[in-house]
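**Q** First the structure, then my questions, so here it is.
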Amino acid sequence: MAVGQRVGGFRLVRQLGAGGFGTVHLGEDAAGRRAAVKLLHPHLAQDPQVRRYFVQELATARTVQGFCLAAIVAADAAGERPWIATEYVDGPTLDQAVREHGPRTGGDVQRLAVQTITALAAIHAAGVVHRDLKPANILLGPDGARVIDFGIARALDAGTASATRIGTLGYMAPEQVEGTALGPAADLFAWGAVMIHAATGAEAFPGPTQAARIHQVLTHPPQTGDLADPLLGIVLACTAKDPAHRPTARQVLDMLLTGRTTPPPDTEQTRRYTADETVPEPDPALWDSSATDPTPFTADALLPQRFTTDNAIAFARVATGARPCTKAATGKGGLTAEEVIEEITARGCTQVMTGVYVEQPGPRATPGNPVQVSVMVLPFPDTAAARDARDYLSGPARWHLTTWREHTGPGTRPMTPHIRYYRWSHNRLAHRYVVTVMAHRTDLTTDGGIKPWLESAAAEACRSSGPQNHRGP
1 MAVGQRVGGF RLVRQLGAGG FGTVHLGEDA AGRRAAVKLL HPHLAQDPQV
51 RRYFVQELAT ARTVQGFCLA AIVAADAAGE RPWIATEYVD GPTLDQAVRE
101 HGPRTGGDVQ RLAVQTITAL AAIHAAGVVH RDLKPANILL GPDGARVIDF
151 GIARALDAGT ASATRIGTLG YMAPEQVEGT ALGPAADLFA WGAVMIHAAT
201 GAEAFPGPTQ AARIHQVLTH PPQTGDLADP LLGIVLACTA KDPAHRPTAR
251 QVLDMLLTGR TTPPPDTEQT RRYTADETVP EPDPALWDSS ATDPTPFTAD
301 ALLPQRFTTD NAIAFARVAT GARPCTKAAT GKGGLTAEEV IEEITARGCT
351 QVMTGVYVEQ PGPRATPGNP VQVSVMVLPF PDTAAARDAR DYLSGPARWH
401 LTTWREHTGP GTRPMTPHIR YYRWSHNRLA HRYVVTVMAH RTDLTTDGGI
451 KPWLESAAAE ACRSSGPQNH RGP
C-alpha cells in the first residue's frame with residue numbers, strides 16, 4: 001500500500017521496513033498517535049491456512065501483558081489484506097545498534113538481558129511461543145528494550161514448507177531447525193544467541209555457508225567470545241541442545257536478578273512451561289467434530305482471560321460458568337425462549353460456557369460507565385450443525401439469547417429480561433462451536449452514541465473466544 005493511504009484508523013506516513021511477514025509502515029491516527037502498522041503480504045493473505053492461524057495467534061497474542069513488549073493496539077485479521085498495529089517504539093533495532101555502535105557492555109547488556117527475558121516470560125505466560133526472537137525483533141526505545149512480532153510467526157509458518165520453518169538461522173534452536181514440535185524452550189535458545197550477539201557483536205553459531213551454520217547449531221556449543229559469568233553461564237544453559245535441559249524464562253530472570261548461573265530449584269510454577277511438557281498444538285481440523293476435538297469443556301479452554309479491542313480498550317474476565325443449554329435463552333416477544341432453546345438443542349447443543357468481561361480503566365475508556373460483555377460458547381456435534389445454528393442465531397433469535405452478568409460470588413447469572421437498553425450483538429462460527437456475544441454499558445443506557453465502543457468490544461470478544469484458547473494436552 002502507498003504512503004498516504006489509510007489502514008483501519010491509521011494513515012500510512014512512511015514505510016519502516018519489510019520482511020517475510022509483510023511490510024511495516026509508520027501510521028498515525030486522527031489524534032496523532034503513532035503505531036507500527038504491519039501488513040501481510042498479498043500472497044500470504046490468499047492462503048486460507050495462513051489466515052486461520054493468523055486469527056488464532058492474534059487472539060492469543062492479544063492476551064500478552066508486559067511492559068517490555070510492543071503491545072498490539074489494533075488489528076484486522078478478516079480484511080482483504082490482514083494487518084496488525086503495535087505500539088510505535090522510537091528507536092533502532094538491537095541489530096542496528098550493534099552494527100553501528102558495537103556490542104553492549106557492562107550495565108547496558110545486563111539491563112537488556114533483564115528486559116528481554118521479562119518480555120519472554122510474559123509471552124510464555126500467555127501460552128505463546130515467539131518462534132523468531134532475534135536482534136531485528138528487539139527495539140531499543142527511550143524507556144528500554146521492547147520485543148516485537150510475538151505471536152505472528154506461527155501464522156506465517158503455516159504457509160511455508162516444513163523444510164523452511166519460520167525463524168532466523170543462527171537463532172533457531174536445534175528442534176526448530178529439524179522441524180519438530182516447538183515449545184517455549186526454543187525461545188530460550190534464541191534468547192541465549194541474541195545475548196551473545198549483543199555482548200560480543202558476533203554470531204553465536206557462525207559459518208561460511210547455511211549448511212555449516214546448521215551444523216554448528218546442531219552439534220557445537222556457541223562461540224561466546226570474552227563473555228563472562230554470570231551471563232556466560234546463563235546463555236550456555238539456554239543454548240543447550242536438548243530443550244529439556246534449558247531453563248524457563250522465569251528461571252532465567254531469577255538467575256539474572258540473583259547472580260546465579262544455575263536455575264533455582266524446580267517448582268510447579270517453573271515446570272509449567274518446560275520443553276518436556278509441551279505437546280504439538282492440535283490440528284484445527286480436529287475441532288470440526290466432537291469425535292476428534294481434544295478441547296476440554298472448561299472456561300480456560302474456550303474463553304480468554306483478557307482481550308483488547310481495536311481501539312486499545314482492555315477487558316478482563318470477571319465471571320464464568322458452564323450452564324445447560326436450556327438456560328441459553330430468555331424473554332418473550334416475537335420468539336419465546338422455549339422456541340429458541342428448542343432450535344438450539346435440536347441441533348445437538350446440551351450445555352454452554354458463559355463468560356462475563358468488564359472494561360478496564362484506561363485513557364480510551366468508554367464515556368460514562370464501563371462496558372460489560374456477555375459471551376456464550378455453544379458446542380455442537382460437528383461443524384455442519386454449528387453452521388446451521390449460527391445461521392439461525394444470526395436472525396431475530398439473537399436478541400433472545402441470555403445476557404449474563406457477574407454474580408456476587410463465582411460464576412454468572414442472567415440479567416433480568418424485558419429491560420430496554422442499547423446493546424450490540426455479534427456471533428461467529430468456530431468449527432463445531434458457535435460464539436455469541438452481547439455488549440452493553442453497565443448503566444444500561446439507551447444512548448446509541450456508544451455504538452463504536454460496543455461494536456468494537458463485541459467483535460473482539462467474539463474473535464478471542466473459542467477452542468483456540470486451549471494450549472495444553
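Quick note on numbering: the UniProt record's numbering labels position 208 of the sequence shown as 208, and the sequence is numbered without any gaps. C-beta: ideal position from N, C-alpha, C; glycine also.
(1) At which residue ranges does the region 317 to 373 contain complete alpha helix (DSSP H) runs of 4 or more residues, listed in the order of the chain?
(2) What is the DSSP secondary structure of residue 172, counted as helix, strand or coil?
(3) Only counting the same chain, and skipping five residues up and downstream in sequence, which positions put a Cβ closer than 6 Å to that of residue 207?
(4) On the three-state DSSP scale, how would you describe residue 96?
(5) Using the C-alpha atoms, what's the distance from residue 114 back to residue 145?
(6) By how many angstroms is the C-alpha of residue 307 removed from the C-alpha of residue 380?
(7) Between which residues of its own chain and residue 142 is the CB-CB distance below 8 Å, once the five residues before and five after are set aside?
(8) Pull up the CB-CB distance for residue 231 and residue 199, whole angstroms please, since I reckon it's below 8 Å.
(9) Less than 6 Å between C-beta atoms, sequence neighbours within five positions excluded: which residues of the same chain meet that for residue 9?
(10) Going straight from the alpha carbon of residue 320 to that of residue 346, what length do you get?
(11) With distance defined between alpha-carbon atoms, name the residue in 387, 422, 446 nearest to residue 475.
(12) Let me know if residue 470 comes out buried or exposed under the rule of 16 or more other beta-carbons within 10 Å of its beta-carbon.
(13) Tell me which residue opens and which closes the beta strand (DSSP E) that residue 72 is part of.
(14) What is the C-beta distance between residue 73 and residue 312, in whole angstroms, given that I count them as a contact (C-beta under 8 Å)?
(15) State buried or exposed for residue 360, treating a residue as buried only when at least 16 other CB atoms are found within 10 Å of its CB.
(16) Would you say the region 169 to 182 touches the region 80 to 100, given that touching needs at least three Cβ pairs under 8 Å?
(17) What is the DSSP secondary structure of residue 184, counted as helix, strand or coil?
(18) In the structure shown, what three-state DSSP assignment does residue 428 receive?
(19) So with Cβ pairs under 9 Å, would you call residue 316 a contact of chain B?
(20) Scan the region 432 to 459 and note each continuous beta strand (DSSP E) run of 3 residues or more that stays entirely inside, going in chain order.
(21) Of the choices 441, 87, 285, whose alpha-carbon is the least far from that of residue 49?
(22) What distance in whole Å lies between the Cβ atoms of residue 183 and residue 243, which are believed to be in contact at a cut-off of 8 Å?
(23) Work out the CA separation of residue 238 and residue 189 for me, nearest whole Å.
(24) So residue 434 and residue 390 are in contact, right, with Cβ under 8 Å, and what is the actual spacing, rounded?
(25) Go ahead and pull the three-state DSSP assignment for residue 289.
(26) Can you give the beta carbon distance from residue 187 to residue 120, rounded, assuming they're within the 8 Å contact cut?
(27) On the premise that residue 122 lies in contact with residue 85, defined as a C-beta separation below 8 Å, what is that separation, rounded to the nearest angstrom?
(28) Check this for me: beta carbons of residue 324 and residue 465, under 9 Å apart or not?
(29) Nearest to residue 135 by CA position, among 450, 23, 250, 112, is which residue?
(30) Taking 6 Å as the limit between beta carbons, can you name the residues of its chain near residue 408, skipping five residues before and five after?
(31) Using the three-state DSSP reduction, which class does residue 156 fall into: helix, strand or coil?
(32) My guess is that residue 329 and residue 401 are in contact by the Cβ rule of under 8 Å, so how many angstroms apart are they, rounded?
(33) Compute the distance between the beta-carbons of residue 301 and residue 373, then report whether it is under 9 Å.
(34) CB-CB under 7 Å to residue 75, same chain, minus the five flanking residues each way: which ones, in chain order?
(35) Looking at the secondary structure, which residues open and close the alpha helix (DSSP H) in which residue 43 lies?
(36) Rounded to a whole number of angstroms, what is the C-alpha to C-alpha distance between residue 382 and residue 44?
**A** Put simply:
(1) 337 to 346
(2) On the sequence shown, position 172 is the one that residue 172 refers to. Three-state result, residue 172: coil.
(3) Indexing the sequence shown from 1 puts residue 207 at position 207. Here the set comprises 213, 216.
(4) Locating residue 96 in the sequence shown gives position 96, where the first residue counts as 1. Residue 96: helix per DSSP, three-state reduction.
(5) Here the question's residue 145 lines up with position 145 in the sequence shown. Here the question's residue 114 lines up with position 114 in the sequence shown. Their backbone Cα atoms lie some 9 Å apart in a straight line.
(6) Counting from 1 along the sequence shown, the entry for residue 380 is found at position 380. Counting from 1 along the sequence shown, the entry for residue 307 is found at position 307. Answer to the nearest angstrom: the Cα atoms are 25 Å apart.
(7) On the sequence shown, position 142 is the one that residue 142 refers to. Once the five neighbours on either side are set aside, the close Cβ partners of residue 142 are 90, 91.
(8) Translated into the one-based positions of the sequence shown, residue 231 becomes position 231. Translated into the one-based positions of the sequence shown, residue 199 becomes position 199. 7 Å between Cβ atoms; contact.
(9) Start at 1 with the first residue of the sequence shown, and residue 9 comes out as number 9. Within the same chain, residue 9 has close Cβ partners 29.
(10) Within the sequence shown, residue 320 is the residue found at index 320, counting from 1. Within the sequence shown, residue 346 is the residue found at index 346, counting from 1. Distance between the alpha carbons of residue 320 and residue 346: 25 Å.
(11) The structure shown does not extend to residue 475, since the chain spans only 1 to 473, so no value can be given for it.
(12) On the sequence shown, residue 470 is found 470 positions in, with the first residue counted as 1. With 16 or more other Cβ atoms within 10 Å, it is buried.
(13) For the purposes of this step, residue 72 is taken as residue 72 along the sequence shown, with counting starting at 1. Residue 72 -> beta strand (DSSP E) spans 72 to 76.
(14) Here residue 73 is taken as the residue at index 73 of the sequence shown, counted from 1. Here residue 312 is taken as the residue at index 312 of the sequence shown, counted from 1. With a Cβ gap of about 5 Å, residue 73 and residue 312 count as contacting.
(15) As a working note, residue 360 is residue 360 in the sequence shown. Exposed is the call here.
(16) no
(17) Counting from one through the sequence shown, the residue named residue 184 turns up at place 184. Three-state DSSP puts residue 184 in a helix.
(18) Here residue 428 refers to the residue found at position 428 when the sequence shown is read from its first residue. Of the three classes helix, strand and coil, the one that applies to residue 428 here is strand, per DSSP.
(19) Among the protein chains of the structure shown there is no chain B, as only one such chain exists.
(20) 433 to 441
(21) Your numbering for residue 49 matches position 49 in the sequence shown. If we check each option's Cα against that of residue 49, 285 comes out closest.
(22) Residue mapping note: residue 243 aligns to position 243 of the sequence shown, counting from 1. Residue mapping note: residue 183 aligns to position 183 of the sequence shown, counting from 1. Between residue 183 and residue 243 the Cβ distance is about 7 Å, and since that is below 8 Å, they are a contact.
(23) By 1-based counting over the sequence shown, the position of residue 189 is 189. By 1-based counting over the sequence shown, the position of residue 238 is 238. Approximately 5 Å between the Cα atoms of the pair.
(24) Residue mapping note: residue 434 aligns to position 434 of the sequence shown, counting from 1. Residue mapping note: residue 390 aligns to position 390 of the sequence shown, counting from 1. Rounded, the Cβ-Cβ distance is 5 Å, consistent with contact.
(25) Here residue 289 corresponds to residue number 289 of the sequence shown, with the count starting at 1. Strand, per DSSP.
(26) Position 187 of the sequence shown, counted from the start, is the residue given in the question as residue 187. Position 120 of the sequence shown, counted from the start, is the residue given in the question as residue 120. Yes, residue 187 and residue 120 are in contact; Cβ-Cβ is about 6 Å, under 8 Å.
(27) Here residue 85 refers to the residue found at position 85 when the sequence shown is read from its first residue. Here residue 122 refers to the residue found at position 122 when the sequence shown is read from its first residue. So it is not a contact: roughly 19 Å between Cβ atoms.
(28) Looking up residue 324 in the sequence shown gives position 324. Looking up residue 465 in the sequence shown gives position 465. It is not a contact, given that the beta carbons lie outside the stated cut-off.
(29) If you number the sequence shown from 1, residue 135 lands on position 135. The candidate whose alpha carbon is nearest that of residue 135 is 112.
(30) Translated into positions along the sequence shown, residue 408 becomes position 408. In this predicted model, residue 408 has a pLDDT of only 38, less than 50, meaning its place in the structure is not dependable; the value taken from the coordinates is given anyway. The answer is none, since no qualifying residue turns up.
(31) Counted from its first residue, the sequence shown places residue 156 at position 156. Residue confidence is low: residue 156 scores 43 on pLDDT, short of 50, so the model does not pin down where it sits. No coordinate-derived value is stated.
(32) Within the sequence shown, numbered from 1, the residue matching residue 329 stands at position 329. Within the sequence shown, numbered from 1, the residue matching residue 401 stands at position 401. Contact flag correct, Cβ pair sits at about 6 Å.
(33) As a working mapping, residue 301 is identified with position 301 in the sequence shown. As a working mapping, residue 373 is identified with position 373 in the sequence shown. No, the pair does not count as a contact, with Cβ atoms beyond the cut-off.
(34) Looking up residue 75 in the sequence shown gives position 75. Around residue 75: 58, 83, 84, 85, 310.
(35) Along the sequence shown, one-based indexing puts residue 43 at 43. That run of the alpha helix (DSSP H) goes 42 to 45.
(36) Taking the sequence shown and counting its residues from 1, the one referred to as residue 382 is at position 382. Taking the sequence shown and counting its residues from 1, the one referred to as residue 44 is at position 44. Distance between the alpha carbons of residue 382 and residue 44 is about 28 Å.
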